[in-house]
Amino acid sequence: MNTETLAARRVVLDLLESVLRRSVPLDDALDQHRGLAGLEPRDRAFVRLLTATVIRRLGQIDAVVMSMLARPDLPKGGVLDILRVSAAQLLFLGTPAHAAVDTGVELAVGKGLAGMKGLINAVLRRMAREGAELVAAQDAGRLNTPDWLWLSWRQHYGTGHTRAIVDAHLVEAPLDITVKGDPRAWAERLEATLLPTGTLRRAAGGSVTELPGFGEGAWWVQDAAAALPARLLGDVAGLNVIDLCAAPGGKTAQLAAAGARVTAVDRSAPRLERLSRNMERLGLSATTVVADAARWQPDELADAVLLDAPCSATGTIRRHPDVARLKTPEDVGRLSTVQRRLLDRAIDMVKPGGMVVYCTCSLQPEEGDEQLSKLLSRRQDVMVEPVIPVDLAYGPDADATALAPLVTDAGDVRTSPGHWADLGGLDGFFMTRLRRTA
């Protein structure tokens, strides 16, 4: 096993330690790891893929590892992570058995676990023989979903829809792109599928910055569902629009590209700096304000406000599998309180007759329709402006029938990883359009 291969897998072990034991989000762990930049681009991509695969398939992997052990509990710390990394390669990434086994043993030696070589070797050799059959018999979606999420979703959405959600989480999300204009032409140039919402979709993988149009600022990466809230505001040309909790800036870019005068508010200065750099690349402009949106007051009331509120992000698990391992029911309760405060502030910032779009990238009802119900019960100066499917379409010739499943009977929008499964799914969002009436 060459030095570069071992170095990449050592980085994976470090990342798993950060995510699974220190509760660091995977993207942050990747940004913070000093050794990652020293790897070749191909090895960096493999590190990300292997780490995400372990986390995405953690329930399945641990079940297989458990079945290979004589003791009724999993080994601790470094030994367990070495087995997980090797299992992900054996069971899901197609790594040759001898390479995965040998790497596992060498990682143990490098981690000062030479005394566990025999156990690791025996478990992995048996896994190479029997693992595929065990995986084929597993209930993959259920095993990889924490109990609290499974129970919450099943109660709210029903078993069938929950099955569609957890099955979608097993597959890496595609690359979604929002263009400033002419989506049909860019779909051809980027060899992408044009979705009914106007988003362009490509298979995941490769260098985003090397794709046509990136350098000239013709488009940006944004999940298809995340591109919908800004569209719910309708024609914003010439309007003063506040984008609360704006970073990383996809919605800010949409609003600016549509001709709005945008004020982007976020409490994180570094994230707003990144937003500003993205806007510069795209040739767009917005006023940025570093502030807590729950306390900030605009100089004048806006024509419209878009609030993409902080949330549990359980709708993004297919893109961020670590969310399933890091978030808890307590997070949902805490964030629901934050959302309530921000939603009231958003309404206070808009003119009478103006519009507010509230959204969260969460599948939890407490952060979606339940939040809306509580708002309507405590405030008399706001009403729902119902959404219809054509509001989500990018043009008059788009297939509105494909958009109908995204609109609820109440006129809100609920997207789910199980929607458009044949096209690659969607992130899970709740969004509602509100009109201030007084």
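Mapping of the sequence shown onto the UniProt record's numbering: position 84 corresponds to residue 84, and the numbering continues sequentially without gaps. Heads up, the beta-carbon is just placed ideally off N, CA and C, and yes, glycines get one too. Quantities reported herein were computed from a predicted structural model and do not represent experimental measurements.
Beta-ladder partner(s) of residue i, from DSSP
{"i": "I165", "result": "Looking at the DSSP assignment, I165 forms no beta bridge with any residue, so it has no partner."}
{"i": "C359", "result": "D308, M431"}
{"i": "W219", "result": "V179"}
{"i": "A302", "result": "V350"}
{"i": "T193", "result": "R201"}
{"i": "V171", "result": "DSSP output for V171 lists no bridge partner at all."}
{"i": "V109", "result": "DSSP, once it has assigned bridges, lists no residue as partnering V109."}
{"i": "V101", "result": "Note: V101 sits in no beta bridge, so no partner."}
{"i": "V407", "result": "V413"}
Three-state secondary structure assigned by DSSP to residue i
{"i": "N121", "result": "helix"}
{"i": "N240", "result": "strand"}
{"i": "R231", "result": "helix"}
{"i": "R319", "result": "coil"}
{"i": "residue 463", "result": "Only positions 1 to 438 of the chain appear in the structure, and residue 463 is not among them; the question remains open."}
{"i": "T53", "result": "helix"}
{"i": "T337", "result": "helix"}
{"i": "M383", "result": "strand"}
{"i": "R71", "result": "coil"}
{"i": "W296", "result": "coil"}
{"i": "A247", "result": "coil"}
{"i": "A324", "result": "helix"}
{"i": "Q60", "result": "helix"}
{"i": "L39", "result": "coil"}
{"i": "H419", "result": "coil"}
{"i": "S18", "result": "helix"}
{"i": "S207", "result": "coil"}
Span of the beta strand (DSSP E), counted from its first residue to its last, around residue i
{"i": "residue 453", "result": "Since the first residue of the chain shown is 1 and the last is 438, residue 453 is not available in this structure."}
{"i": "L434", "result": "429-436"}
{"i": "Y394", "result": "Careful: Y394 lies outside any beta strand (DSSP E) and carries neither H nor E."}
{"i": "R201", "result": "200-202"}
{"i": "D266", "result": "261-266"}
{"i": "V413", "result": "413-415"}
Option in the options with minimal Cα separation from residue i
{"i": "V407", "options": "T316, E40, L392", "result": "L392"}
{"i": "M66", "options": "N278, R126, G110", "result": "R126"}
{"i": "L200", "options": "P183, A258, A286, V208", "result": "P183"}
{"i": "I61", "options": "E216, L90, R129", "result": "L90"}
{"i": "V101", "options": "R142, P298, N121", "result": "N121"}
{"i": "W420", "options": "A29, G78, R379, A168", "result": "A168"}
{"i": "D43", "options": "E300, V338, A8, S152", "result": "A8"}
{"i": "G115", "options": "V79, T3, R84, I317", "result": "V79"}
{"i": "V357", "options": "T287, L255, P321", "result": "L255"}
Residue range of the alpha helix (DSSP H) that includes residue i
{"i": "residue 448", "result": "Nothing can be reported for residue 448, as the shown portion of the chain is limited to 1 through 438."}
{"i": "I82", "result": "77-91"}
{"i": "T288", "result": "Unbroken run through T288 is the beta strand (DSSP E), 287-290; no alpha helix (DSSP H)."}
{"i": "K251", "result": "250-257"}
{"i": "A269", "result": "269-282"}
{"i": "V24", "result": "Unbroken run through V24: none, as it is neither H nor E."}
{"i": "Q364", "result": "Neither: Q364 is in no alpha helix (DSSP H) and is coded neither H nor E."}
CB contact flag (residue i, residue j, <8 Å)
{"i": "L423", "j": "L134", "result": "no"}
{"i": "N240", "j": "R261", "result": "yes"}
{"i": "I177", "j": "V221", "result": "yes"}
{"i": "M279", "j": "A253", "result": "yes"}
{"i": "R319", "j": "A173", "result": "yes"}
{"i": "T314", "j": "L149", "result": "yes"}
{"i": "M355", "j": "R433", "result": "yes"}
{"i": "V289", "j": "V265", "result": "yes"}
{"i": "L372", "j": "A346", "result": "no"}
{"i": "T360", "j": "F429", "result": "yes"}
{"i": "L175", "j": "A203", "result": "yes"}
{"i": "H156", "j": "P365", "result": "yes"}
{"i": "R325", "j": "V19", "result": "yes"}
{"i": "D427", "j": "T415", "result": "yes"}
{"i": "T103", "j": "T5", "result": "yes"}
{"i": "L342", "j": "L244", "result": "yes"}
{"i": "L58", "j": "V47", "result": "no"}
Closer than 7 Å: residue i CB and nearest the ligand COA heavy atom
{"i": "L20", "result": "Within the structure as shown, the ligand COA is missing, as the structure has no ligands at all."}
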